[in-house]
Structures are given as C-alpha cells and as structure tokens.
Amino acid sequence: MPAPEQIPLEDGLQQTTQESSANPAMETEATATTILASVKEQELQFQRLTRELEVERQIVASQLERCRLGAESPSIAST
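Just so we're aligned, residue 1 is where the sequence shown starts under the UniProt record's numbering, counting upward by one.
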C-alpha cells in the first residue's frame with residue numbers, strides 16, 4: 001500500500017523559520033508546531049506499518065497451518 005503524498009516537513013520548517021525569525025516566541029511556537037506535525041506523521045506511519053505487519057502475520061500463520069495440516073495427513077503419493 002503506497003504512502004499518501006505528503007509535503008516534506010523540512011520545507012514547512014524552512015518557510016516557517018524564515019517567516020518567524022524576527023520574533024523568538026513565534027520561532028519557538030513554529031518549532032513546536034513542526035515537531036507536533038512530525039509526531040503526527042510518524043504516528044500515522046506507525047499505524048500503517050502496524051496494519052501491514054498484522055496482514056503479513058496472518059498470511060504467515062495461514063501458511064504455517066497449511067503446512068501443519070499437510071504434514072499430519074498422509075499424502076496420496078506416499079501410499
């Protein structure tokens with residue numbers, strides 16, 4: 001599943017820093033906003049990866065179960 005298009009945070013940080021470089025309080029707020037945006041982006045990525053990992057786990061579990069069933073039942077070729 002491809003990741004959705006996102007604007008790089010560095011671009012937003014650079015623009016925000018340029019706009020607020022005259023005022024340290026605004027720069028601190030902009031930095032906090034950028035950090036929050038980064039954390040939210042990472043959280044979404046973590047959730048996506050967690051879903052993908054769960055799907056993969058289910059696939060492997062079903063493959064393992066098929067292998068176990070195949071090993072337990074006598075095959076036609078071996079008789």
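A virtual CB, placed ideally from N, CA and C, is assigned to each residue, including glycine.
> Buried or exposed: A61, going by 16 or more other Cβ atoms within 10 Å of its Cβ?
Replying inline: As a first step, residue 61 must be located in the sequence shown, where it is residue number 61. A61 comes out exposed.
>> On the criterion of 16 or more Cβ atoms from any shown chain inside 10 Å, does A32 qualify as buried, or is it exposed?
In response: Position 32 of the sequence shown, counting from 1, holds the residue named residue 32. The C-beta of A32 has fewer than 16 other C-beta atoms within 10 Å across all chains shown, which makes the residue exposed.
> Nearest-angstrom Cα distance between L69 and E56?
Replying inline: Counting from one through the sequence shown, the residue named residue 69 turns up at place 69. Counting from one through the sequence shown, the residue named residue 56 turns up at place 56. If you take the alpha carbons of L69 and E56, they lie about 20 Å apart.
> If you draw a straight line from the C-alpha of A71 to the C-alpha of S38, how long is it?
Replying inline: Your numbering for residue 71 matches position 71 in the sequence shown. Your numbering for residue 38 matches position 38 in the sequence shown. Rounded to whole angstroms, the separation of the alpha carbons of S38 and A71 is 49 Å.
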